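If you're matching them up, the sequences are chains P, E and G in order.
If you're matching positions, the first sequence starts at 368 in the working numbering and goes up one per residue.
If you're matching positions, the second sequence starts at 10 in the working numbering and goes up one per residue.
If you're matching positions, the third sequence starts at 4 in the working numbering and goes up one per residue.
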Amino acid sequence: MITAGCDVGSLTSKAVIMKDNRILAQDVIRSRTKPAESAVAVMDYALQKAGIILADINFCVGTGYGKDRIPFVQQAVSEISCHARGARWLLPTVKTVIDIGGQDCKAMRIDKDGKIVKFITNDKCASGTGRFLEVMARLINVSLDDLGELSAQAKAPITMANACTVWAQADVIQHLNDGVAAEDIGAGINNAMASRMAVLANNIGLERDLCMTGGVAKNAGVVSALEKLLGMTIKRIKKVDPQLVGAVGAALIAGDKMERRTAS
Amino acid sequence: MMDTFHESSTTLFNRHVQDWKTGGGHVVGYTCSYVPDEIFHAGGILPYRLRGIEAKEMNIGDAYFGPFICSLPKCLLQLAGEGKYHFLDGVIVTPGCDSMRRLDDCWQKAGEDRAEALPSFFFHYAVPHKTADYSIKWFIEETQRLKDAVEKHFSVTISEDQLHEAIAIYNEGRLFLSRLDALRCATDVAISGADALAVVLASTTIPRKAFNDLLKDLITELEAVKNPIRGRKRLMLVGSANDDVELVRLIEGDEAVVVADNLCFGARFYADLVEVEGDPIAALAKRYLFHNDCPRMFGDYKGRLNILQEKIERAAVDGVILQNIRFCDLHGSENGIFERDLEAAGIPCIRIEREYGPLVETGRIRMRIDAFLERLEK
Amino acid sequence: MRKELKEYPFDWMLWRTFAAATRMKAGSEKEYRHALNQLPYFRGILDTIYGIGEPGRLFIEMIAEYFEKIIHAREREQKTAITTFCFSPAVFYALDIVPITLELVTVAMGATYKRGTADFLDYCNEVGFTETSCSSQRGTLGAYLAGNGVTIDMVVCDSPGVCDTNVNAFAFASAYLDKPFFQLNMPPDLTGERSTEYHRADYRALIAFLEEQTGRKLDTGKLRGIMEEVSRQDLLMTELEELQLLVPNPLPVTFNLLIYAGRFLFAGMPQCTRLLESMLKIGRENAASNQSGLSGGKESLRGFFCYIDHYGQNFRLWELLDRMEISYHGNILSKMWSQDAHYVKVLDRREEGYAIDTTDLDTLIDSIADLNSRMPMIKSIRGPYDAPHMWLQDTLALAKLHKADFIVYNGTPGCRNTWGMVKPFARDTEKNGFPTLILYSDAFDMRVESWETTASRIEEFLKVRRLRT
Chain P
368 MITAGCDVGS
378 LTSKAVIMKD
388 NRILAQDVIR
398 SRTKPAESAV
408 AVMDYALQKA
418 GIILADINFC
428 VGTGYGKDRI
438 PFVQQAVSEI
448 SCHARGARWL
458 LPTVKTVIDI
468 GGQDCKAMRI
478 DKDGKIVKFI
488 TNDKCASGTG
498 RFLEVMARLI
508 NVSLDDLGEL
518 SAQAKAPITM
528 ANACTVWAQA
538 DVIQHLNDGV
548 AAEDIGAGIN
558 NAMASRMAVL
568 ANNIGLERDL
578 CMTGGVAKNA
588 GVVSALEKLL
598 GMTIKRIKKV
608 DPQLVGAVGA
618 ALIAGDKMER
628 RTAS
Chain E
10 MMDTFHESST
20 TLFNRHVQDW
30 KTGGGHVVGY
40 TCSYVPDEIF
50 HAGGILPYRL
60 RGIEAKEMNI
70 GDAYFGPFIC
80 SLPKCLLQLA
90 GEGKYHFLDG
100 VIVTPGCDSM
110 RRLDDCWQKA
120 GEDRAEALPS
130 FFFHYAVPHK
140 TADYSIKWFI
150 EETQRLKDAV
160 EKHFSVTISE
170 DQLHEAIAIY
180 NEGRLFLSRL
190 DALRCATDVA
200 ISGADALAVV
210 LASTTIPRKA
220 FNDLLKDLIT
230 ELEAVKNPIR
240 GRKRLMLVGS
250 ANDDVELVRL
260 IEGDEAVVVA
270 DNLCFGARFY
280 ADLVEVEGDP
290 IAALAKRYLF
300 HNDCPRMFGD
310 YKGRLNILQE
320 KIERAAVDGV
330 ILQNIRFCDL
340 HGSENGIFER
350 DLEAAGIPCI
360 RIEREYGPLV
370 ETGRIRMRID
380 AFLERLEK
Chain G
4 MRKELKEYPF
14 DWMLWRTFAA
24 ATRMKAGSEK
34 EYRHALNQLP
44 YFRGILDTIY
54 GIGEPGRLFI
64 EMIAEYFEKI
74 IHAREREQKT
84 AITTFCFSPA
94 VFYALDIVPI
104 TLELVTVAMG
114 ATYKRGTADF
124 LDYCNEVGFT
134 ETSCSSQRGT
144 LGAYLAGNGV
154 TIDMVVCDSP
164 GVCDTNVNAF
174 AFASAYLDKP
184 FFQLNMPPDL
194 TGERSTEYHR
204 ADYRALIAFL
214 EEQTGRKLDT
224 GKLRGIMEEV
234 SRQDLLMTEL
244 EELQLLVPNP
254 LPVTFNLLIY
264 AGRFLFAGMP
274 QCTRLLESML
284 KIGRENAASN
294 QSGLSGGKES
304 LRGFFCYIDH
314 YGQNFRLWEL
324 LDRMEISYHG
334 NILSKMWSQD
344 AHYVKVLDRR
354 EEGYAIDTTD
364 LDTLIDSIAD
374 LNSRMPMIKS
384 IRGPYDAPHM
394 WLQDTLALAK
404 LHKADFIVYN
414 GTPGCRNTWG
424 MVKPFARDTE
434 KNGFPTLILY
444 SDAFDMRVES
454 WETTASRIEE
464 FLKVRRLRT
């Protein structure tokens with residue numbers, strides 16, 4: 368049985384193809400304006416890598432913001448359910464998942480089958496999302512990839528405005544003008560992000576084991592700050608890029624749905 | 010028939026209001042479910058619940074209100090400033106909450122800049138935040154003060170008999186709305202939440218007698234409906250004011266139905282009848298003040314929780330949507346405790362924060378609702 | 004919340020901190036300086052306060068005593084009540100109830116800990132309280148919701164009708180902790196028979212509630228003693244008010260906070276009286292030699308803060324004003340509106356002031372009800388902002404009286420009330436000749452806007468409006 372998951376987000380689109388409970392191929396691209404185009408493009412790349420064609424896929428689930436616009440999926444499922452399912456498969460002891468994506472963040476508690484017990488998503492604000500980090504990184508002239516490393520180098524991380532991305536920028540500019548070191552500002556940025564996420568996560572009550580998904584899971588500064596705030600280790604997802612967990616989950620849910628169909 | 014309800018619920022200057030004005034009638038707008046419609050009806054005036062639909066810009070709202078304010082009063086002010094409320098002959102503002110209270114200040118200020126924005130009759134109706142014997146006394150006096158002011162400004166007489174008659178008509182409408190409620194709660198749901206909201210919204214703008222007749226006919230239709238709604242997740246909607254039918258439609262989608270609510274443009278608006286005996290002013294004051302399902306009546310959380318639990322049971326609710334407009338701290342915070350207590354009682358909840366105004370964040374809301382419905386799947 | 008924070012009750016920590024602070028000056032100056040160096044964060048503000056002299060010492064002792072009472076309430080068989088700064092604690096003292104004024108504790112914590120109440124602010128959100136609520140209550144509230152302080156016995160506030168977000172914090176606490184709740188509800192008018200009757204009926208209901216909670220009856224003698232002390236405090240405050248009108252203002256920038264904090268903490272109690280007397284000594288001395296209260300001795304500008312102060316980051320607002328030679332002329336918190344108040348007399352607004360009549364229990368209760376209904380904020384932001392007796396009228400009259408050069412609005416994003424009309428308000432103050440700065444900072448939470456940014460906005464305003472070169 369070959370299944371696939373396609374996760375079309377605001378910043379990136381991902382596709383994962385699975386066969387017999389193994390990942391056959393995967394790909395990530397920068398999202399285009401139209402979700403359908405992004406979906407087709409990323410799936411094409413993944414199909415090429417897998418050496419198969421679309422018709423070979425028995426069931427495909429779409430997720431992410433563009434999920435209802437993907438032309439080739441059999442069903443659309445929320446990214447929350449997909450992240451949960453994917454995380455549980457990748458780390459079978461996980462009970463709590465924190466996902467920080469480009470434009471929103473969420474925390475969820477899951478059961479042994481990767482089904483949602485409780486979840487929460489961020490309120491209306493960019494400052495708890497990857498967008499916040501992107502904007503801040505640009506301000507201090509650092510790549511998003513390097514932002515995470517700054518926390519380890521910082522001597523005196525600033526406490527920065529974290530209620531509003533727009534105002535946080537004014538804060539960062541002020542600190543730059545005052546000659547504060549980039550690593551201290553970077554660490555402050557990571558900490559601000561982590562502290563907003565911690566509030567959200569604590570809202571639903573955490574249960575071990577805890578993991579992170581989404582692009583920000585690659586930011587070591589945010590992850591370690593979050594661990595300190597939550598008082599819990601965050602298990603790292605190593606098998607795939609954390610950004611792909613949603614698409615993995617979608618492919619797995621596709622398999623679940625196939626099995627249910629076959630059974631009935 | 011639903012078209013009539015939808016038309017009046019989605020258009021400010023709808024056909025009914027147009028006809029009323031053409032017939033020489035006066036219209037008085039009010040901001041809050043604590044204002045007694047009956048006073049105006051008794052004086053031959055159309056009471057009109059102010060809404061912020063049709064607001065597309067926010068330049069006027071933002072010119073007077075600061076940034077950290079709920080978008081509902083901003084939308085109202087925007088419309089007033091744009092002249093969209095040209096048909097109003099008067100406005101009643103209440104201290105429903107601080108943001109709505111300051112609408113009084115901002116609207117009057119806007120009236121200094123644009124005279125056409127301010128109706129000639131502008132009244133602050135000081136509703137207390139508690140139910141005690143002295144606050145009821147205050148509210149009775151306040152209601153008398155409102156009546157006297159209406160009589161004076163509009164040169165009408167509002168007699169006791171007229172008030173009793175108005176109370177009877179409004180009570181009749183409330184009874185019909187309660188029957189509508191029952192049809193929503195039934196196992197086979199006769200009407201979607203979106204349509205039910207349209208009906209309630211229509212009640213805030215259509216002259217009462219006409220509304221009662223329309224609703225009576227609708228209920229007859231619904232009681233005989235051939236294809237009721239079945240097999241969907243049953244949701245209850247709680248929280249900040251919502252007068253957007255499309256929001257409910259968005260929430261319902263293809264898989265859910267909103268079978269109950271505790272909103273002020275909803276069940277809270279028509280629950281409880283006004284006493285028909287005795288002094289009508291006192292009866293109105295008591296019903297409208299004790300009708301205290303709003304978190305503005307501080308200290309009565311347990312009463313409101315009971316109301317929700319009772320509704321959840323009556324309507325066999327699968328899940329509760331606890332929504333609040335950003336900066337609505339009263340509902341936003343009480344939703345937090347509702348979530349704690351309802352989840353502890355095994356009732357799944359989701360809290361959603363939104364803006365009031367044109368429905369633009371459909372993707373964000375849809376994502377959350379989808380995930381919630383998936384959670385409700387057994 | 005991080006588990007480290009739960010190791011010690013936060014209010015006990017604050018008590019120990021301030022208790023230790025009272026002993027800082029017990030030894031030599033050298034020992035004091037050495038001890039000061041050991042304090043990582045608190046030292047800045049502590050040194051500033053001790054630098055004031057005797058009033059500073061009394062202030063530290065007063066805060067330590069305030070927390071001491073809270074910590075020992077249970078063992079002394081006293082009930083605790085969480086309340087708001089704009090509720091006069093006099094009635095609590097009359098009934099032997101220990102008040103815990105959320106906003107003042109938030110300020111105390113902001114002064115002593117680098118992160119202020121940040122963790123507790125966040126904890127409130129974690130348990131469902133909205134992030135957009137006012138940070139002044141939310142800071143301390145979080146600690147109590149987490150069970151990280153003494154047990155609360157009841158919740159009392161007087162902000163319904165005045166400030167939703169304020170009372171919402173108390174209503175939330177009551178529902179969350181399942182504690183008895185009482186609200187005094189303010190009508191939109193201050194004066195007039197209807198409002199006066201309402202205030203007094205409501206206050207009597209409050210007393211009945213408090214008597215029921217404590218099992219005690221309100222003692223006429225005790226209440227009389229407290230109200231007589233309030234009268235004494237009113238006269239002292241009146242003289243301090245008069246001194247502030249002088250050019251240059253002989254009162255140091257720090258005094259304004261001490262005046263109103265003293266009243267919020269210990270209205271009707273000798274601790275507040277002693278503090279006011281001590282401040283008056285310095286004020287009179289400076290006035291006698293026509294000396295400015297600013298440490299540089301020169302007054303370049305006179306600033307009127309129409310709303311509240313900025314309490315963040317070691318009270319650096321004080322340092323900024325002092326350094327920029329700006330004398331401080333009060334804010335909405337520093338006016339209690341007694342009929343004896345200087346500004347009430349000068350502005351001929353007697354009916355807005357309260358009078359204290361100690362004849363019998365009835366007149367005492369009427370007096371305290373009237374007093375309470377004129378507490379800061381309670382008085383002037385309950386009705387339309389430009390109505391008589393309300394915020395605009397007060398601000399313009401007082402700013403003019405104080406010969407203020409500019410007005411600053413500073414509050415919190417949670418203040419739905421003032422953000423609902425501060426723009427029209429500022430238009431009016433500008434029209435009346437007062438350059439007006441609206442700050443978007445949060446007085447209690449530096450994560451909204453850092454102090455550095457706030458300071459640069461103040462400096463920019465003064466430059467752009469040509470108040471300073």
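All residues carry an ideal CB built from backbone N, CA and C; glycine is no exception.
Because the structure is a prediction, the values reported are computed rather than measured.
Within the 8 Å Cβ cut-off, does residue i reach chain P?
| i | result |
| --- | --- |
| MET112/G | no |
| ALA380/E | yes |
| GLY70/E | no |
| ARG326/G | no |
| GLY372/E | yes |
| SER459/G | yes |
Closer than 8 Å, CB to CB, is residue i near chain G or not?
| i | result |
| --- | --- |
| LEU596/P | yes |
| ALA250/E | no |
| LEU528/P | Before going further, note that residue 528/P is Ala rather than Leu in the sequence given. So yes, ALA528/P belongs to the interface. |
| VAL566/P | yes |
| SER562/P | yes |
| ARG384/E | no |
Kindly indicate the opening and closing residues of the alpha helix (DSSP H) around residue i.
| i | result |
| --- | --- |
| GLY588/P | 587–597 |
| GLN536/P | 532–544 |
Please go through the same chain and pick out, in chain order, the residues whose beta-carbon is closer than 7 Å to the beta-carbon of residue i, but skip the five residues on each side of it.
| i | result |
| --- | --- |
| ASP226/E | MET10 |
| LEU248/G | LEU404, HIS405 |
With a threshold of 8 Å between beta carbons, is residue i in contact with chain E?
| i | result |
| --- | --- |
| GLN140/G | no |
| SER376/G | no |
| ARG197/G | yes |
| ASN40/G | no |
| VAL444/P | yes |
| PHE184/G | yes |
| PHE486/P | yes |
| PHE21/G | no |
Using the beta-carbon count (16 or more within 10 Å), is residue i buried or exposed?
| i | result |
| --- | --- |
| HIS37/G | exposed |
| LYS242/E | buried |
| GLU80/G | exposed |
| VAL267/E | buried |
| GLN41/G | exposed |
| THR154/G | exposed |
| PRO304/E | buried |
| GLY616/P | buried |
| ARG628/P | exposed |
For residue i, which residues in the same chain have their Cβ closer than 6 Å to its Cβ, ignoring the five residues on either side in sequence?
| i | result |
| --- | --- |
| HIS15/E | ALA207 |
Which residues bound the beta strand (DSSP E) around residue i?
| i | result |
| --- | --- |
| GLY275/E | Note, GLY275/E: premise wrong, no beta strand (DSSP E); not H, not E. |
Check each residue of the stretch 436–456 of chain G: if its Cβ is closer than 7 Å to any Cβ of chain P, include it; give the result in chain order. MET449, ARG450, VAL451, GLU452, SER453, GLU455, THR456
According to a CB-to-CB cut-off of less than 8 Å, which residues of the stretch 532–548 of chain P neighbour chain G? TRP534, ALA537, ASP538, GLN541, HIS542, ASP545
Residues of the stretch 411–424 of chain G with Cβ closer than 8 Å to any Cβ of chain E, in chain order: PRO416, GLY417, CYS418, ARG419, ASN420, THR421, TRP422, GLY423, MET424
Against chain E: residues of the stretch 447–465 of chain P by CB proximity under 7 Å: ILE447, SER448
Looking at chain G, which residues of the stretch 223–256 of chain E have a Cβ within less than 7 Å of any of its Cβ atoms? none
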